[in-house]
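Q:
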Amino acid sequence: MGVLDTVRGWFSGEPALFDPSWEPLLTREFDHWSSLNAGELARMRMLVARFVHDVRWEPSNGFELTDEVRVLIAAQASMLLLGLELDEYPQLTSVIVHPSTVRLRGTHAVGGGVMSSGTQTLAGQAHFKGPVILSWSATKRGAKHPEAGNNVVYHEFAHQLDMLDGVTDGTPPLDDQAARERWVAVCTAAYDTVRAEGSPVLRPYAGTNPAEFFAVATEVFFNRPVDLCDHEPELYAELRGFYRQDPATRHRNRHERRHGSW
119 MGVLDTVRGW FSGEPALFDP SWEPLLTREF DHWSSLNAGE LARMRMLVAR FVHDVRWEPS
179 NGFELTDEVR VLIAAQASML LLGLELDEYP QLTSVIVHPS TVRLRGTHAV GGGVMSSGTQ
239 TLAGQAHFKG PVILSWSATK RGAKHPEAGN NVVYHEFAHQ LDMLDGVTDG TPPLDDQAAR
299 ERWVAVCTAA YDTVRAEGSP VLRPYAGTNP AEFFAVATEV FFNRPVDLCD HEPELYAELR
359 GFYRQDPATR HRNRHERRHG SW
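Be aware that the sequence shown starts at 119, since it is given in the working numbering, and climbs by one per residue.
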């Protein structure tokens, strides 16, 4: 059963179905898939199926959209929703996929508060109430190699979550004012440190502005959670509370299953 078959089911009113052929693909190409427990996998399969079938997909520059492309993007985008009371990104209009990097002209941030003019090479871009643009080469690399710390899908869809309250300011919708104040205090302190001194776990681009700080921190939270927990425990705790996931514990459990105790 391919995407077109299950899309027909979607239009007939049937729920989106997770194609069993996607399981080995995700096990092979998405490193985090094998760290999920049975309950998490069940929810992820639902989220992936829904994302694949509900999102408007647009290829760019002659790129061919395949099941692998849709499913691998959907799985990474769904990781951010796994613990949330959301089954979709309500402001997302489409996903535009380029074969490699995206080149744009104009003024843009390069990190640390520095601006530059000219041609900008991007791995991805998110728009408020608009599309998310992704480089397929960066998307595939980020899915398979989390140890590098970078993941363009996590980054751009963190922006989508940040935008849910109508402001792209690095503070996504939180439970109450106390949670918001705590978030702002912790993230501002970590952001200021990145700008002034750098960070052993957050790359310099996190110092561009608070929105980019949240997106970069999200990448590291999922890709290098133990490092983030060790170096920035308060920031890790805030992200754990927001995403309602504990990837550091997940990572340690996976390591123990594979290699025995630490």
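Every residue, glycine too, gets a C-beta built ideally from N, C-alpha and C.
Quick one: is D137 buried, meaning 16 or more other Cβ sit within 10 Å of its Cβ, or exposed?
A: Here residue 137 is taken as the residue at index 19 of the sequence shown, counted from 1. So D137 counts as buried.
Q: Under DSSP, the alpha helix (DSSP H) around A324 begins and ends at which residues?
A: Here residue 324 refers to the residue found at position 206 when the sequence shown is read from its first residue. It is not in any alpha helix (DSSP H) - A324 carries neither H nor E in the DSSP assignment.
Q: Tell me which residue opens and which closes the alpha helix (DSSP H) that A314 is part of.
A: Taking the sequence shown and counting its residues from 1, one reaches residue 314 at position 196. Residues 295-315.
Q: Report the three-state DSSP secondary structure of V387 (helix, strand or coil).
A: The question about residue 387 has no answer, for the chain in this structure spans 119 to 380.
Q: Less than 8 Å separating the beta-carbons of E350 and G267?
A: Position 232 of the sequence shown, counted from the first residue, corresponds to residue 350. Position 149 of the sequence shown, counted from the first residue, corresponds to residue 267. Against a cut-off of 8 Å, the Cβ pair of G267 and E350 comes out as no contact.
Q: According to DSSP, simplified to helix, strand and coil, what is A241?
A: The residue labelled residue 241 in the question sits at position 123 within the sequence shown. Three-state result, A241: coil.
Q: Spatial neighbours of D287 within its chain, please: CB distance less than 8 Å, with the 5 preceding and 5 following residues excluded, ordered by chain position.
A: Mapped onto the sequence shown, residue 287 falls at position 169. So the qualifying residues of the chain are D280, P328, A329.
Q: State the CB to CB distance for the pair W175 and V213, rounded to an integer number of angstroms; the pair is presumed to be in contact (CB under 8 Å).
A: For the purposes of this step, residue 175 is taken as residue 57 along the sequence shown, with counting starting at 1. For the purposes of this step, residue 213 is taken as residue 95 along the sequence shown, with counting starting at 1. Indeed, because the Cβ distance is near 6 Å, the residues count as touching under 8 Å.
Q: Going by C-alpha to C-alpha distance, which of A241, P208, L198 sits closest to S218?
A: The residue given as residue 218 occupies position 100 in the sequence shown. Selected option, being the one with the closest Cα: A241.
Q: Excluding sequence positions up to five away, which residues of its chain have a Cβ less than 7 Å from the Cβ of R126?
A: In the sequence shown, residue 126 corresponds to position 8, counting from 1. Low local confidence applies: a pLDDT of 39 at R126 is under 50, so the model's placement there is unreliable, and no value is given.
Q: Just list the residues that DSSP pairs R221 with in beta bridges.
A: For the purposes of this step, residue 221 is identified with residue 103 of the sequence shown, where counting begins at 1. BP columns for R221 point to T239.
Q: Using C-beta distances below 7 Å, list every residue in its chain close to P365, excluding the 5 sequence neighbours before and after it, in chain order.
A: Looking up residue 365 in the sequence shown gives position 247. So the list reads F339, F340, P343, once near-sequence residues are dropped.
Q: Buried or exposed: where does F332 fall if 16 or more other Cβ atoms within 10 Å of its Cβ makes it buried?
A: For the purposes of this step, residue 332 is taken as the residue at position 214 of the sequence shown. F332 is buried by the Cβ-count criterion.
Q: What separation, rounded to the nearest whole angstrom, lies between the Cα atoms of A256 and V302?
A: If you number the sequence shown from 1, residue 256 lands on position 138. If you number the sequence shown from 1, residue 302 lands on position 184. Roughly 30 Å between the two C-alpha positions.
Q: For D283, collect the residues of the same chain with a Cβ closer than 6 Å to its Cβ; drop the 5 residues on either side in sequence, then sort them by chain order.
A: Looking up residue 283 in the sequence shown gives position 165. Only P291 meet the Cβ criterion.
Q: Would you mind working out which of E147, L144, E158, V170 sits nearest P133, comparing C-alpha positions?
A: Start at 1 with the first residue of the sequence shown, and residue 133 comes out as number 15. P133 has its Cα closest to that of V170, out of E147, L144, E158, V170.
Q: May I have a chain-ordered list of the beta strand (DSSP E) segments no shorter than 3 residues that lie completely inside the stretch 148-218?
A: Segments of the beta strand (DSSP E) lying fully in the stretch 148-218: 175-177, 213-216.
Q: By DSSP, does S139 sit in helix, in strand, or in coil?
A: For the purposes of this step, residue 139 is taken as the residue at position 21 of the sequence shown. In the structure shown, S139 sits in coil (DSSP, three-state: anything other than H, G, I, E or B).
Q: Using a threshold of 8 Å, state whether the C-beta atoms of A193 and V215 are closer than that.
A: Sequence index remark: in the sequence shown, residue 193 carries index 75 (1-based). Sequence index remark: in the sequence shown, residue 215 carries index 97 (1-based). Taking 8 Å as the Cβ cut-off, A193 and V215 do not qualify as a contacting pair.
Q: Just verifying my parser: in three-state terms, what is the DSSP assignment at V285?
A: Counting from one through the sequence shown, the residue named residue 285 turns up at place 167. Correct three-state label for V285: coil.
Q: Going by other Cβ atoms of all chains shown within 10 Å of its Cβ, with 16 needed for buried, is L369 buried or exposed?
A: Locating residue 369 in the sequence shown gives position 251, where the first residue counts as 1. According to the sequence as given, residue 369 is His; it is not Leu. That one is buried.
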